[in-house]
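Asker: Protein chains in written order, with this note's numbering: chain A, 1 to 234; chain B, 235 to 468.
Cβ atoms here follow ideal geometry from the backbone N, Cα and C, with glycine treated the same way.
Please read all numbers here as calculations on a predicted model, not as lab measurements.
One structure, pasted below without further comment.
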DNA sequence: ACCTGAACACCGTTCAAGT
DNA sequence: ACCTGAACACCGTTCAAGT
């Protein structure tokens, strides 16, 4: 007579003490792998390894890799905290933009995943809704509010995608961000002055490491531009 | 005695009447493949096929795929026409933004390639220079001009990347863009009204197909915001 | 119900060898 | 100088089979 472990040959076997996979654990593991090796390193095989399972098993829980990345995008997007509704519309939009950026920076290559996925999840619908509400409350026309909500979302996405690019390039070459910035500054400074007078002159400002300050600048420009339409329109 | 074709066994053989490859023809073919099958379909093997050559041959002309994509990025970027210097700073920046968008739409997945490559090519330096010049001419402070130039470039990139996403998703499902937009509109309209009042109300405006108009809106908002800093600062 | 083995049809890249 | 054959070390995905 052979000895059987509990659960063996039943409908809900406990394999080596581990519960069966589910989408939640899958997404969690994907986030871990992502932070360690980046999007290009996040392969189904590698993800399976981390979960102590074979790659083919993942396809029981998820249709394909794209669907998995969609779930990851939703999970990351869920991290955006809604701004306090007692805030005035402008502060509310500012808070939203900062939250967007924070979340896009919260996991390696999060921008690439969020920007690559069509926004279907309910989190993103909710964020669109509160953005629109603030814009309508401010007094923008319907079409302008619609445009502006996309504009604000795209701003955060575009900013972070740019912000992260040099950092990634630096990492790939084993440099720190500051070193990479200094290198670029040197390149700008040594450009031919007659041909590139402004680049040479602004070499320092163009390679300013203070991304927060730059994000604030762009956000203010955007909101100032929107506010102008308000006054003229109303 | 064996018959030899002209050039055989010499240092510059003409193979089957075709000149040997060079980087220029490589980049040209890459652009063709890109437009037909998109970035994901642009493989070294497929590109080699198109050139009547084996994949390994490409590595004689180019270090690796990333370098090739860098060359493609440069080639695409070279299509941006410089604005007439007789224009006022604001019109010059507007022209630049529209040119940026036009070029980013001129080849399939051009945004992904341009946004993914660190801007090293001389074209992009030149564009940065004339953008900065316009901003300084307008009267922006050095740091603000530097920030604003990135802001404007990122705007075009971010806009097109968003603009192209739904179109790509539609293509993958064999739909036309208008159909996809109508579908999304339907989804927004049938959202629960108590939870998503603004989304329901603005379903039509959010799925407006007029991307030109939306681009113009965002650009005006940006430039208005910049102009405000001018008046206050000067 | 959940997982595995083994395969399929791909990738980018290298390198000794051909002409 | 330029190209090829053949291989290496990977991919995502499928599917019959196991438990």
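Just tell me which of 270/B, 385/B, 360/B and 402/B has its CA closest to the CA of residue 192/A.
Answerer: The shortest Cα separation from residue 192/A among 270/B, 385/B, 360/B and 402/B belongs to 360/B.
Asker: Answer yes or no: do residue 222/A and residue 160/A have a C-beta to C-beta separation smaller than 8 Å?
Answerer: No, these two residues do not count as a Cβ contact at 8 Å.
Asker: Please decide whether residue 59/A counts as near chain B, where near means a Cβ-Cβ distance under 8 Å.
Answerer: It does not; no Cβ of chain B falls within 8 Å.
Asker: Give the straight-line distance between the Cα atoms of residue 129/A and residue 136/A, rounded to the nearest whole angstrom.
Answerer: Cα-Cα distance, rounded: 11 Å.
Asker: Using a Cβ distance threshold of 8 Å, determine whether the region 200-207 of chain A contacts the region 369-387 of chain B, with at least three qualifying pairs required.
Answerer: Yes, they touch.
Asker: Can a CB atom of chain A be found closer than 8 Å to the CB of residue 432/B?
Answerer: Yes, contact with chain A.
Asker: List, from N- to C-terminal side, the alpha helix (DSSP H) runs of 4 residues or more that fit wholly inside the region 246-298 of chain B.
Answerer: Counting only runs of 4 or more, we get 257-275, 278-284 and 289-295.
Asker: Answer yes or no: do residue 358/B and residue 311/B have a C-beta to C-beta separation smaller than 8 Å?
Answerer: Their beta carbons are under 8 Å apart, which means residue 358/B touches residue 311/B by this criterion.
Asker: Using C-beta distances below 7 Å, list every residue in its chain close to residue 48/A, excluding the 5 sequence neighbours before and after it, in chain order.
Answerer: Around residue 48/A: 54, 55, 57 and 58.
Asker: How big is the Cα-Cα spacing for residue 37/A and residue 122/A?
Answerer: Rounded to the nearest angstrom, the two C-alpha atoms are 28 Å apart.
Asker: When you compare the CB positions of residue 229/A and residue 140/A, do they come within less than 8 Å of one another, or not?
Answerer: Yes. Within cutoff.
Asker: Thinking C-beta only, is residue 225/A closer than 8 Å to residue 231/B?
Answerer: Residue coverage of chain B in this structure runs from 235 to 468, which leaves residue 231/B outside it and unanswerable.
Asker: Step through the CB atoms of chain B and report whether any lies within less than 8 Å of the CB of residue 175/A.
Answerer: No, residue 175/A does not count as interfacial toward chain B.
Asker: For residue 215/A versus residue 101/A, is the C-beta distance shorter than 8 Å?
Answerer: Result yes, Cβ atoms of residue 215/A and residue 101/A sit closer than 8 Å.
Asker: Looking only at its chain, what residues have a beta carbon closer than 7 Å to the beta carbon of residue 264/B, apart from the 5 residues adjacent to it on each side?
Answerer: Closer than 7 Å at Cβ, skipping near neighbours: 276, 281, 302 and 306.
Asker: Using CA atoms only, rank isn't needed, just tell me which of 365/B, 415/B and 417/B is closest to residue 322/B.
Answerer: Taking only the C-alpha atoms, the option nearest residue 322/B is 365/B.
Asker: Shorter than 8 Å from the beta carbon of residue 214/A to some beta carbon of chain B?
Answerer: It does: the Cβ of residue 214/A has a partner Cβ on chain B nearer than 8 Å.
Asker: Kindly indicate if chain B contains any beta-carbon less than 8 Å away from that of residue 221/A.
Answerer: Answer yes: the Cβ-Cβ gap between residue 221/A and chain B drops below 8 Å somewhere.
Asker: Note down the Cα distance separating residue 44/A from residue 196/A, rounded to an integer number of angstroms.
Answerer: The alpha-carbon atoms of residue 44/A and residue 196/A are separated by roughly 47 Å.
Asker: Counting contacts by CB-CB distance shorter than 8 Å, is residue 82/A in contact with chain B?
Answerer: Residue 82/A does not count as touching chain B.
Asker: Which residues in chain A sit within 7 Å of residue 388/B, going by Cβ to Cβ distance?
Answerer: Ordered by position in chain A, the residues that pass the 7 Å Cβ test against residue 388/B are 158, 159 and 162.
Asker: For residue 300/B, I'd like the list of residues in its chain whose CB is within less than 7 Å of its CB, leaving aside the five on either flank, ordered along the chain.
Answerer: Cβ neighbours of residue 300/B beyond the five flanking positions: none.
Asker: Using the three-state DSSP reduction, which class does residue 357/B fall into: helix, strand or coil?
Answerer: The answer is helix: DSSP assigns residue 357/B an H, G or I state.
Asker: Can you list, in chain order, the residues of the region 30-54 of chain A whose Cβ is nearer than 9 Å to any Cβ on chain B?
Answerer: So the list is empty, because no residue satisfies the distance condition.
Asker: Could you confirm whether any beta carbon from chain A is found closer than 8 Å to the beta carbon of residue 361/B?
Answerer: No, its Cβ sits nowhere closer than 8 Å to a Cβ of chain A.
Asker: Could you check where the alpha helix (DSSP H) with residue 110/A kicks off and where it finishes?
Answerer: Looking at the DSSP string, the run of the alpha helix (DSSP H) that includes residue 110/A is 110-116.
Asker: Distance cutoff 8 Å, beta carbons only. Does residue 224/A sit that close to anything in chain B?
Answerer: Answer yes: the Cβ-Cβ gap between residue 224/A and chain B drops below 8 Å somewhere.
Asker: Scan the region 97-117 of chain A for residues whose Cβ lies nearer than 7 Å to a Cβ of chain B and list them as they occur along the chain.
Answerer: So the close ones are 115.
Asker: Please state whether the Cβ-Cβ distance between residue 304/B and residue 351/B is less than 8 Å.
Answerer: In this structure, residue 351/B lies closer than 8 Å to residue 304/B by Cβ.
Asker: Please report the straight-line C-alpha distance between residue 75/A and residue 119/A, rounded to a whole angstrom.
Answerer: Their backbone Cα atoms lie some 12 Å apart in a straight line.
Asker: Taking the beta carbon of residue 176/A as the centre, do at least 16 other beta carbons fall within 10 Å, making it buried, or is it exposed?
Answerer: Residue 176/A should be labelled exposed.
Asker: Between residue 166/A and the rest of its own chain, which residues show a CB-CB distance below 8 Å, the 5 nearest in sequence each way excluded?
Answerer: The residues are 177, 180, 181 and 184.
Asker: When you compare the CB of residue 464/B with every CB in chain A, is at least one pair closer than 8 Å?
Answerer: It does not; no Cβ of chain A falls within 8 Å.
Asker: Do residue 388/B and residue 158/A have their C-beta atoms within less than 8 Å of each other?
Answerer: Their beta carbons are under 8 Å apart, which means residue 388/B touches residue 158/A by this criterion.
Asker: Return the residue from the list 273/B, 372/B and 402/B that minimises the CA-CA distance to residue 465/B.
Answerer: The shortest C-alpha separation from residue 465/B is found at 372/B.
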